[in-house]
Structure formats: structure tokens, C-alpha cells
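J.: Chains as they are written, first to last, in UniProt numbering: chain U, 1 to 324; chain D, 1 to 324. Before anything else, here's the structure in question.
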């Protein structure tokens, strides 16, 4: 294993130093990433977080129109309650704070504990569980939270920026989760810096269907196939769970080690699939957004839009990872 | 080798279909990527291009404030003169066209031929040759063009958007090239779809210093080292050729298969190095911009800014790969 790092133990801290140096719009303190211009009085604060190794999620989505703070844990490890409490108190502008939590047992427990212990701050919480691949998994009771996290953070962030109250921001966040589904396929395993070898063995001839973002097992292991077939497999799983119709927000997301060119090849197939079902790709994203270290592969996330969600998706955003 | 594609022969065409589906601001015709809203009368047109496999370069930089058209060749293969002629004629708004050409023999020849054959269009040309690693290389007489291509496209694109004449746009493009230097380090080889196996052998213990963006050999092969040392090696090469001073634009660029987290680790070291030389990181980019398929590794590109270049760098841009 070759990785660009100084030591496995310092990789999260060292990467955060790089983020701070690269992005003057961020302020980083005690392993929490904040908007440098926050908190804003009267605005609902948005806090998310989770294990590191999924960059740009979450710290790369801190900024105008999205998150107020992100709490990165160690690699694939939940942030500790102290980080979340600190972030929650710091971003409160008097209008309360929304916790956006991916559905993994450790994250859920630590965010719950932090919500209880962040006295004097009104906290609402939304659980993201969009991955249709497995019902329960290695680190989850219920479905895993993956790509839809970005959609929730963007759309709830836009509504918070408009000055909406906490209940409304939480409601739109839940609505986005309910309208979103994801499915991922791995071509290779990820390798964590500490382990130094692939998390799982995957023969050169096979792919893992329904992979999790920590290398958790999916539904099945099948022979490698052309992009068209892999895209159809992922989309069949999504469509089987929430039929595609109307205007869709579609993300083809790279797992970290896959070139952009290949993601565009997949996106072309996904777009053709959507059209074949009589639905429409109304908005889209193609790139590395919710990654799993150096894993090769992709995931697709689909959200059924309505006029309000489209308007909030289109609203200006200014973060290191998403900007328009 | 596992890659997300339908067939090695159709990968460029299929990826362009995906780009067209994902980005309504682009129009793709005969393997040329155009701004859908061009040409603009009275504006200098900017055309670049080169082999595919470096995405988002170049097609991902077509849009407001950057390129008017990009001509993607097959993987690591120059675009043909017909593509370039077609693009040159199509983007001419009466103020002439600037060709931005990376210094590789095939690209240079084909752009030269196209400039001659694009009758009735005034064409100026700028050669990008920022890579300090080697003097001549496998595909080059003189230095290779790498990361500075993005700087040239962005800054010249901004000046063209302001309505400057061709001579001025060409002059600023040349100035950016003269003020920029790059150096890359590979942890792994890339694998082209047609070959299906790594372009070169690199032992698990070694890295290639001064790698080219097609896997061309660099200066030396040395044992893998911590990020701090690799960053210093790259920066020593840059600083040795063009001493760091004043305000710098610094890009830490991933080669395609390297996670963003690792690029931030490298950026932290590069920023510390710059500070140690008494210079300042005034503007920065961290991410996958000028890639080499699935290669793992990074390159660093530095440009010495002045007030004009800073203003043009900061000017609004709206492309799939760069947007602010």
C-alpha cells in the first residue's frame, strides 16, 4: 500500500490542516470544521459529521448554503460526542440546530448523546438512510446512509439560509431522504491507512453489488460487466424500491479511485435508463462526492424533485466541494 | 483490469454522451465540446484540446470565463486537425481565436496544421510547457505541458470574457505559462483501456519522480516516503527552476486515483514549504484537475501572481470542472 500521508495516526489531522490552508472560508478548531463567518443570528445551524475517508463529505460541504459545521471522526469512525456538542453550541444562532446523521449505529448514538448534552440549544435530527442495497448491515440497523446525505445537506442548507424555522428545515431534510434512493457497485476494495491492505478480497473478475461506503458487503458478488449492465443493475435496484417518475435529481458518484471519464460513461447509461422509464433527469451531479478512500466503483443516487426542492437545489452554494 | 466502460473503442464517445447529458450548458458535435451559448460576437474564442484521459481537462473547462471549445482526442492521442479546424471556425466571433496547446509533438503539429487550414480566421497560439521534471521526453521536444494548462485557460478565458483583443489574450496566456512550473510524482501507473495492464511497472516500494501525464518516465525512481518528503521533493524541483516569491497560485492536483484526503495532506506540506521560503499561497486549488486515467499520485503547479493575474483568476467562471 502506498498512500500520501505522514503517518496513519495523523492523517485526519494532517488533511484538516490542508483544508484550513486551502480554504480561508473555513475555520478549524478541535477537529471541527466551521464556516469562518458563522454563526449567523436567527439562522438555523446545520451540523453533520461521520467517519473520515468519504471526502469531500462532510467537511467539504461547510459553507454558505450548506453546513455550518462538520465533525470528522477518525477514518471510518464516528465523531465523538464532545466534537458534536462543541459544534452544536458554536453554530447556534438562537434558531436551533439540525443534526444530519447518516444511519450508522455509532453516528446515531453519538449524535443522540450530543443532542441531549448540548443544553440550551434546541436540536432536531434527521436520519439519512437511502441505500437500498441491504436492509441491515455490518454497522447499521436499517438502511445505510450514503449519497442522499449530500442532497439533504444542500437542500436543507438552502432553506436554512432563507431564514426558515427549525421545524421546516428538519421537515424538508426528512422529505429529501424519503424521496431519495442509492445503490453502489465496487470494482475494488478500499484500503484504510491503518490496515495497509484491502478491506476485502475481490477477484479481478468480479464486482461487489450494493457495496457500503466502508467496504461493507453488499447483496452479491457477480462477474464484471459492461458499464451499461452495471448501470442497469444499480438503477433496477433503485427503481424497484422507488419507481422513477417525473423530474429527478441524479448523482453518479465516484468511490474515490475511479476516473471522471468512467463516471461520465456510467452517467450516460443512467440517463438513458431514466428516459426509458419515462422520467427525466432534471438536475445532475457527476464526480467524487461521497467516497470510500481509494475504492474504485460508483454509486447512483436519485431524488424525486418537486418545484420547491428544485428551487432549493438551485439556490447558491459556496463550499469547497459544491459551488454555484 | 476493471474499468467502467462498454468497450475500449467507444470510451471517449460514451463519456462525451455522459457529459452532454449532465451539462446542458455544453453542446457536443463531431467529437468537439462547445459552449451551448457560443460563439459570442466580438469575443476572442478559446480552443484547447489534447488526448482524452486527463478529465476534467479540457472538455470540463468549456464554459463562461474559460474555453469556448475543447477537442478531445482518443485516449492519450492528439485530436485530429479536422476537429480543431471545425472548432476554430465555429467559435470565431470575428475577434480571432486562441489555441492553447500542451507541448506534445502530436498536439503541436495538429494545432499548427489546423491554424493554417482554418482560413479566414485569425489564430494565435500559446504553447504550455510548465513541467520542470525533464527537458525532453518521450512525446516532447522541450518541456511537457501539464497543470499550468488550467491556469492558462482560466486566466486567458477571463480576459477574453472582458472583450480584450486577441494579441492581449495571447500575451496573458504566454505570461501565465512563463510564470508557472509543475512537478508530478506517481505512486502507481495508469492503465489505458486498450492495453488493459499498467503502462509501466512500479514496485510497491517505489515512486516515480517527475512523472508525465501519460505515464512517461520522470527523473528517477526512489523509495516511497512520507507526504512531507514527497511534497518537498516536488517543491524543490519547482523552486529550483523558478524561485518562489510573492503571491502564489498553488494547485495540488490528483492524478485520478488518489483520494481527496491525501491531496489535502500534501497541500498542507506544500503550503508550509511555501511559507518557509517567505512566499505566500494567495490562491489555491486542491483536487483532480489534470489527471492520468486511474494513476495514483499528485502534481503541484505554482504560478507567480501579480494584481492583474489575481483579478483574472478571481473572475467568475462557470464550467463543469471549475465554477465560482
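Here a beta-carbon is modelled for each residue, glycine too, at the ideal position from N, C-alpha and C. The model shown is predicted, which means the values in this text are computed figures rather than measured ones.
Count Cβ pairs between the region 121 to 133 of chain U and the region 197 to 214 of chain U that sit closer than 8 Å; are there 3 or more?
T.: In short, these stretches touch, since the Cβ pair count reaches three.
J.: Any idea if residue 197 of chain U is buried or exposed, counting beta-carbon neighbours within 10 angstroms, 16 or more meaning buried?
T.: By the 10 Å Cβ count, residue 197 of chain U comes out exposed.
J.: Pull the bridge partners of residue 222 of chain D from the DSSP assignment, please.
T.: The partner list for residue 222 of chain D (beta bridge, DSSP) reads D:207.
J.: Excluding five sequence neighbours on each side, which residues of the same chain lie with their C-beta closer than 7 Å to the C-beta of residue 152 of chain D?
T.: The answer, listed in chain order, is 100, 126, 128, 173, 176 and 177.
J.: Assuming residue 38 of chain U and residue 107 of chain U are in contact, meaning their beta carbons sit under 8 Å apart, how far apart are those beta carbons, in whole angstroms?
T.: No, residue 38 of chain U and residue 107 of chain U are not in contact; Cβ-Cβ is about 22 Å, not under 8 Å.
J.: If you draw a straight line from the C-alpha of residue 147 of chain D to the C-alpha of residue 93 of chain U, how long is it?
T.: Rounded to the nearest angstrom, the two C-alpha atoms are 42 Å apart.
J.: Quick check on DSSP: helix, strand or coil for residue 191 of chain U?
T.: Here residue 191 of chain U sits in strand by DSSP.
J.: Would you call the CB atoms of residue 199 of chain D and residue 192 of chain D closer than 8 Å?
T.: Result yes, Cβ atoms of residue 199 of chain D and residue 192 of chain D sit closer than 8 Å.
J.: Residues in its own chain within less than 6 Å of residue 269 of chain U by CB, not counting five upstream and five downstream?
T.: So the qualifying residues of the chain are 227, 228 and 231.
J.: For chain U, find out if any of its Cβ atoms is closer than 8 Å to the Cβ of residue 313 of chain D; answer yes or no.
T.: So no, residue 313 of chain D is outside the interface.
J.: Would DSSP call residue 247 of chain D helix, strand or coil?
T.: Strand, per DSSP.
J.: Give the single residue among D:95, D:182 and D:145 whose Cα lies nearest to the Cα of residue 168 of chain D.
T.: Out of D:95, D:182 and D:145, D:95 has the C-alpha closest to the C-alpha of residue 168 of chain D.
J.: Can the beta-carbon of residue 150 of chain D be found less than 8 Å from the beta-carbon of residue 44 of chain D?
T.: For residue 150 of chain D and residue 44 of chain D, no; Cβs fall outside 8 Å.
J.: By the 10 Å Cβ neighbour count, where 16 or more other Cβ atoms means buried, how is residue 7 of chain U classified, buried or exposed?
T.: It is exposed - the Cβ of residue 7 of chain U has fewer than 16 other Cβ atoms within 10 Å.
J.: Assuming residue 121 of chain D and residue 69 of chain D make a contact with CB atoms under 8 Å, what is their CB distance in whole Å?
T.: So it is not a contact: roughly 12 Å between Cβ atoms.
J.: Does the distance from the CB of residue 263 of chain U to the CB of residue 303 of chain U come in under 8 Å?
T.: Contact flag unset, no.
J.: Rank U:65, U:74 and U:30 by C-alpha distance to the C-alpha of residue 86 of chain U and give the top, closest one.
T.: Measuring from the Cα of residue 86 of chain U, the nearest candidate turns out to be U:30.
J.: Suppose only complete runs of 3+ residues qualify. What are the beta strand (DSSP E) ranges in the region 77 to 116 of chain U, listed by chain order?
T.: For the region 77 to 116 of chain U, whole beta strand (DSSP E) runs of length 3 or above, ordered along the chain, are 97 to 102.
J.: Just to confirm my understanding: we take residue 292 of chain D, look at its own chain, exclude 5 residues before and 5 after, and list those with CB closer than 6 Å. What are they?
T.: Cβ neighbours of residue 292 of chain D beyond the five flanking positions: 190, 213, 255 and 256.
J.: Alpha carbon to alpha carbon, how far is residue 183 of chain U from residue 46 of chain U? Give it in angstroms, no decimals.
T.: Rounded to the nearest angstrom, the two C-alpha atoms are 26 Å apart.
J.: Just reading off the beta strand (DSSP E) that residue 139 of chain U is part of, what are its end residues?
T.: It is not in any beta strand (DSSP E) - residue 139 of chain U carries neither H nor E in the DSSP assignment.
J.: Exposed or buried, residue 194 of chain D, counting other C-beta atoms within 10 Å across all chains shown (16 or more means buried)?
T.: So residue 194 of chain D ends up on the exposed side.
J.: Does any C-beta atom of chain U lie closer than 8 Å to the C-beta of residue 276 of chain D?
T.: No, no contact with chain U.
J.: Pop quiz: residue 260 of chain U and residue 56 of chain D are said to be a contact at Cβ under 8 Å. What is the actual Cβ separation, rounded to whole angstroms?
T.: The Cβ separation is near 6 Å, so the contact holds.
J.: Just reading off the beta strand (DSSP E) that residue 285 of chain U is part of, what are its end residues?
T.: Note, residue 285 of chain U: beta strand (DSSP E), 280 to 287.
J.: Smallest Cα separation from residue 325 of chain D: which of U:19, U:5 and U:243?
T.: Since the first residue shown for chain D is 1 and the last is 324, residue 325 of chain D is missing from the structure and cannot be characterised.
J.: Are the C-beta of residue 82 of chain U and some C-beta of chain D separated by less than 8 Å?
T.: No, no contact with chain D.
J.: Quick one: is residue 67 of chain U near chain D, going by C-beta distance under 8 Å?
T.: No, residue 67 of chain U does not count as interfacial toward chain D.
J.: How many Å lie between residue 26 of chain U and residue 201 of chain D at the Cα?
T.: Using only the alpha carbons, I get a separation of about 40 Å.
J.: For chain U, find out if any of its Cβ atoms is closer than 8 Å to the Cβ of residue 136 of chain D; answer yes or no.
T.: Judged by the 8 Å Cβ criterion, residue 136 of chain D is not in contact with chain U.
J.: Expressed to the nearest angstrom, what Euclidean distance is found between the alpha-carbon atoms of residue 253 of chain U and residue 265 of chain U?
T.: Each residue's Cα considered, the two are about 12 Å apart.
J.: If you follow the beta strand (DSSP E) that residue 26 of chain D is in, where does it begin and where does it stop?
T.: Unbroken beta strand (DSSP E) run through residue 26 of chain D: 26 to 29.
J.: Nearest to residue 308 of chain U by alpha carbon, out of U:110, U:155, U:300 and U:13?
T.: Cα-wise, what sits closest to residue 308 of chain U is U:155.
J.: I'd like to confirm the pairing. Which residues does DSSP put opposite residue 10 of chain U in its beta bridges?
T.: For residue 10 of chain U, which the question treats as bridged, DSSP gives no partner whatsoever.
J.: Would you please verify whether the beta carbon of residue 261 of chain D is less than 8 Å from any beta carbon of chain U?
T.: Closer than 8 Å to some Cβ of chain U, the Cβ of residue 261 of chain D qualifies, so yes.
J.: Under 8 Å, do residue 299 of chain D and residue 247 of chain D count as touching if we go by C-beta distance?
T.: For residue 299 of chain D and residue 247 of chain D, no; Cβs fall outside 8 Å.
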